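Chemist:
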Amino acid sequence: MPTRLFELYQRKRIININTNILTAGFLAVIIAKYPVVLIGRLIGEENKFLITLAAGGIDMVIDVILYYALHWVANHWNPPWKKAPMPSPDRSFFRDASLIQFERAILSPLYYLIAMGSMYALQHLGWSHGWAFFTAFACALVITRIVHTTWGLHTGRFRDIL
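Under our numbering, the residues of the sequence shown are numbered 1208 to 1369, in order.
The following block contains the structure:
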């Protein structure tokens, strides 16, 4: 069963793009939570706006690195347990991954408006900056995933190429 799920993940673009972005996004939020907490303590919890800006930067860097790694796994890795090697896609790794990242960059104002705006608001409602970051960025990720998937289906970008 895990082999079949992995093959489905590699074969279906709508699945691997959304899985990669959601996995990278949620892992970035989990990984970045501790540095965000540390930065908040370092610069002072009263500096909610600066903490929010730092959280956005930390999240962005970690997310992009994780996405490129997951994109390679989904589209270019031939695991040793597969009997037949995955057909090589007729698109370059960096071009394809960067095109998806470019689309995400176009949607980033929406993402960061929701994520950082919500984080800032939640801090003012008394939430700790760590949990405000975690909740706001996770919600923003889900909302922009819905928008990006709708856009990808409409344009054909999420269509299987192999």
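For glycine and all other residues, C-beta sits at the position ideal for the given N, C-alpha and C.
Since this is a predicted model, take the numbers as computed values, not measurements.
#1: Return the chain-ordered list of same chain residues with a C-beta closer than 7 Å to the C-beta of Arg1352, the five sequence neighbours on each side being excluded.
#2: Beta-carbon separation of Ala1347 and Ser1325 under 8 Å?
#3: Using a Cβ distance threshold of 8 Å, determine whether the stretch 1322-1339 contacts the stretch 1259-1271, with at least three qualifying pairs required.
#4: In whole angstroms, what separates the C-alpha of Phe1365 from that of Ile1307?
#5: Taking only runs of the alpha helix (DSSP H) that begin and end inside the stretch 1291-1352, which ones reach a length of at least 4 residues, in chain order?
#6: Which residue comes first and which comes last in the alpha helix (DSSP H) that contains Trp1279?
#7: So what's Pro1209 in DSSP terms, helix, strand or just coil?
#8: Which of helix, strand or coil does DSSP assign to Gly1251?
#9: So, with DSSP's three-state summary, where would you put Lys1219?
Modeler: By the coordinates alone:
#1: Asn1225, Ile1228, Leu1229
#2: yes
#3: yes
#4: 10 Å
#5: 1300-1331
#6: 1255-1283
#7: helix
#8: coil
#9: coil
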